[in-house]
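With positions in the sequence shown counted from 1, the corresponding number in the numbering used here is that position plus 48.
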Amino acid sequence: ISAPPIRIGWTGAPWTRPNDLAILKHLANWIVERPHELQLVHVGHMDNLPSFAKALDLDPALVETHPLESHKNYLQNLNFHIGLAPLDHTCFNCFKSAIKVIEYSALGIPWLASETSPYQNLCRQWSWSGRLCRDPSHWIEQIQPLLHDKTRRQEGDQLKQLCQKHASYDFGVNQWKTLLSAC
């Protein structure tokens, strides 16, 4: 009996992010060539709008989808093994937050992200080398170590601890208190 496939997920609204997702086309094709080993998952699907599969030029049957839902249900659907956080190199994306990888980290999901300011800054703040990807082939290089269960679990545990230390709910509340008391 073979092991279930490793689930590789992305969360978001693909109809608003086609350039960000284009970065993943090479990786997505590599993943779907291994259907018994790997499974693409998209959380945030909406019928009648461009899909994650369409943004990656894939057959929709190759991507497991979960609909766009409330935040509580959204978090419950983050049940994949590896998270993806692509961002195109644009001025707008330089000012985005790293919330996607923080959510992955809080749940102990190791991740790969674009080598862009939000993720570079988070890695620097957390003293974490990260799996930041520069070009399409780099995504495949960076994901390969995570295909090993032990590496994936260790990295997920480390990220969960870093998130608890640097980006927990209490940490966020204290940051707001500090900011508001300075006014």
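We treat Cβ as the ideally placed atom computed from N, Cα and C, and that holds for glycine.
Backbone CA spacing between residue i and residue j [nearest angstrom]
i	j	result
L86	P53	5 angstroms
I130	C181	14 angstroms
C171	I79	26 angstroms
L116	A154	20 angstroms
P166	H93	24 angstroms
K208	L97	33 angstroms
A103	A61	11 angstroms
N121	Q173	29 angstroms
Y152	H84	24 angstroms
L135	I150	15 angstroms
L106	I147	27 angstroms
Q190	L126	20 angstroms
E203	C211	12 angstroms
W188	A133	First, the amino acid is wrong: residue 188 is Ile here, not Trp. Straight-line Cα distance between these residues: approximately 14 angstroms.
W63	P193	31 angstroms
A70	K213	33 angstroms
Opening and closing residue of the beta strand (DSSP E) in which residue i lies
i	result
G92	L86 to H93
G60	Counting along the chain, G60 falls outside any beta strand (DSSP E), and DSSP gives it neither H nor E.
Opposing strand residues paired with residue i [DSSP bridges]
i	result
H112	Strictly speaking, residue 112 in this sequence is Glu, with His absent from that position. E112 is bridged to V89.
A133	A161
C181	S162
Which listed residue (the options) has its alpha carbon closest to that of residue i
i	options	result
T138	E163, N121 and L132	E163
F140	A61, R65 and W58	R65
G178	A161, W187 and K73	A161
D197	F128, A146, D68 and D105	F128
L72	H84, L88 and R82	L88
A51	R82, V111 and Q202	R82
I56	K148, W63, A76 and S185	A76
S145	H74, N67 and A215	A215
C142	Q206, D68 and W58	D68
W176	R201, I157, Q206 and G156	Q206
R201	W159, P184 and Q212	W159
V91	S118, H74 and A70	S118
D183	H74, D95 and E112	H74
L195	I157, Q168 and N169	I157
First through last residue of the alpha helix (DSSP H) which encompasses residue i
i	result
I150	I147 to A154
W78	K73 to V80
N127	Element bounds for N127: n/a, residue is neither H nor E.
P66	P66 to A70
Q206	D197 to H214
F100	F100 to A103
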